[in-house]
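Numbering (my numbering), first residue to last: 387 to 558. Glycine included, every Cβ here is placed at the ideal spot set by N, Cα and C. Predicted model only: the values in this text are computed from it and were never measured.
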Amino acid sequence: MGTLSYRLLASEEVPEFTGLCAAMAAFHGRPEPLPREEWAARLAEDGPGGAQKFEAVCAFDGDQMVGCLIFSPIYETLFPGNGAFIRDVFVLEEYRRRGIGRNMMAAFAKLCLERDWRRADWHADRLDFDARTFYDMLCTDSFKLDRLSYRIEGDEIATLAAKADGELPDQG
């Protein structure tokens with residue numbers, strides 16, 4: 387292991403980032419959602435240098451990307467101000483348990499302070515005890531029993547949309 391560094395993902399790093407995302411998909415037992423080149427193009431459109439729908443704090447061992455913390459900015463109306471939602475934290479298997487995840491979370495927290503973001507949220511799979519232990523070590527008072535996470539995806543979105551009463555007004 388060489389010198390570790392942490393920085394925000396740059397647009398020119400998206401192809402390597404896509405490879406890291408593929409490793410994350412494999413870790414979770416999921417197929418790659420698109421052919422690799424198409425996936426990289428979509429991430430380039432949506433990420434740094436594009437629409438900025440997501441950003442990532444990445445960990446590097448020399449020039450090799452070995453981890454990422456992917457997040458999106460959010461706005462809270464009942465807690466007025468900006469914040470972020472962390473979507474994924476991932477470190478390549480051979481680099482785990484070396485403090486890289488903790489350092490990415492710390493770099494992210496520093497970024498939150500710099501951007502005056504007062505809140506960050508994330509989820510952990512209920513049965514992912516490694517992730518839950520990791521998060522509990524970082525922020526012992528952050529687990530809130532008053533929250534549940536819900537998700538709809540794929541055909542479930544169309545099923546719910548079919549229940550809409552009327553059309554949304556055109557905002558264009």
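Output the distance between the C-alpha atoms of residue i and residue j, rounded to the nearest integer angstrom.
i	j	result
E441	L464	24 Å
A408	E418	6 Å
A492	A550	42 Å
S458	P434	11 Å
V443	C454	6 Å
T545	G405	33 Å
A430	P421	14 Å
W503	I543	30 Å
R484	R416	25 Å
R428	E399	13 Å
L531	K439	Note that L531 scores a pLDDT of 49, beneath 50, so its modelled location is shaky and nothing firm can be said.
D541	A548	11 Å
I456	I472	6 Å
Among the candidates the options, whose CA atom is the shortest distance from the CA of residue i?
i	options	result
L478	F471, E398, I486	I486
M490	F446, A427, E402	F446
A411	V475, C498, Q438	V475
I460	D507, L497, R488	D507
G388	K439, D449, F413, H414	D449
V452	G540, E423, Y392	Y392
L390	C498, R482, I456	R482
Who does residue i pair with in a DSSP beta bridge?
i	result
D474	I456
F446	S391, M451
Quick one: measure Cβ to Cβ for residue i and residue j, integer angstroms, because I've assumed they're closer than 8 Å.
i	j	result
P401	A426	5 Å
E480	G469	Going by Cβ atoms, the distance from E480 to G469 rounds to 33 Å, so no, they are not a contact pair.
L394	F403	That belief does not hold up - the Cβ atoms of L394 and F403 are roughly 11 Å apart, past 8 Å.
| Entirely enclosed beta strand (DSSP E) segments - the stretch 393–439, minimum 3 residues | none
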